[in-house]
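K.L.:
This structure is in structure tokens; I'll ask about it shortly.
In the working numbering, the protein residues as written are 65 to 287.
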């Protein structure tokens, strides 16, 4: 499940975008977080592959090359990104979830695919995940996944955090527009909007009933 909000470095919404892109002929979908250009570049890169297994084998090196060539550079918005690949592996006869990032996470180098059972970004703390029933002890309750993911994305929407990956990133809310659910099986891919939020382009995301976080004062140098 993904949201649909695109925003600038200050957290102001600049549009609604498709963050989870279905690729039926490859038996997969991909989701992005961060640089808006990731979706366009991924769509171009995927033209060279014939199966989800081929994508898993080849896309890390291809994306690193595109990144080094400046394909994701932007003066006004985020340039780093996280990529989630979801697809049916004919070689392993199962649905797989693979994640890749332009920055290191937990000792995993940049542009390295990592197989995951569950991935959440941004990641709420364990207490919050237990409060909605997703975390039970040290494991995840993956029954009724569509309902659980909707609870998670509502929790993420109401939890402020840094806007982007920069060390100087302002604090704000980053989940908005709409919640879109993508389901991948051997038979195919289904997508649907399961919730819409009243966020407006040109303003910061402000969840209903939640006070906007205060920003630290900006240092101004007057010569």
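Even glycine gets a Cβ: it sits at the ideal position worked out from N, Cα and C. This one's a predicted model, so the numbers in the text were calculated from it and none came from an experiment.
How many Å lie between residue 177 and residue 191 at the Cα?
P.N.:
Using only the alpha carbons, I get a separation of about 28 Å.
K.L.:
If you run the structure through DSSP and keep just helix, strand and coil, what is residue 178?
P.N.:
Looking at residue 178 - three-state DSSP - the assignment turns out to be strand.
K.L.:
Please classify residue 117: does DSSP put it in a helix, a strand, or coil?
P.N.:
Reduced to three states, the DSSP call for residue 117 is helix.
K.L.:
What's the gap between the Cα of residue 235 and the Cα of residue 226?
P.N.:
If you take the alpha carbons of residue 235 and residue 226, they lie about 4 Å apart.
K.L.:
Taking DSSP as the reference, what is the three-state secondary structure of residue 65?
P.N.:
Coil, per DSSP.
K.L.:
What residue does the alpha helix (DSSP H) around residue 194 start on, and which one ends it?
P.N.:
190 to 195 is the span of the alpha helix (DSSP H), which, as asked, contains residue 194.
K.L.:
By the DSSP assignment, the alpha helix (DSSP H) with residue 217 in it spans what residues?
P.N.:
Here the alpha helix (DSSP H) through residue 217 covers 209 to 221.
K.L.:
Going straight from the alpha carbon of residue 224 to that of residue 76, what length do you get?
P.N.:
Distance between the alpha carbons of residue 224 and residue 76 is about 14 Å.
K.L.:
Relative to the C-alpha of residue 189, which residue among 180, 216, 179 is closest?
P.N.:
Measuring from the Cα of residue 189, the nearest candidate turns out to be 216.
K.L.:
Taking all protein chains shown into account, decide if residue 283 is buried (16 or more other Cβ within 10 angstroms of its Cβ) or exposed.
P.N.:
Its pLDDT being 49, under 50, residue 283 is placed unreliably by the model, and the measurement read from it follows with that caveat. By the neighbour-count rule (16 or more Cβ atoms within 10 Å), residue 283 is not buried but exposed.
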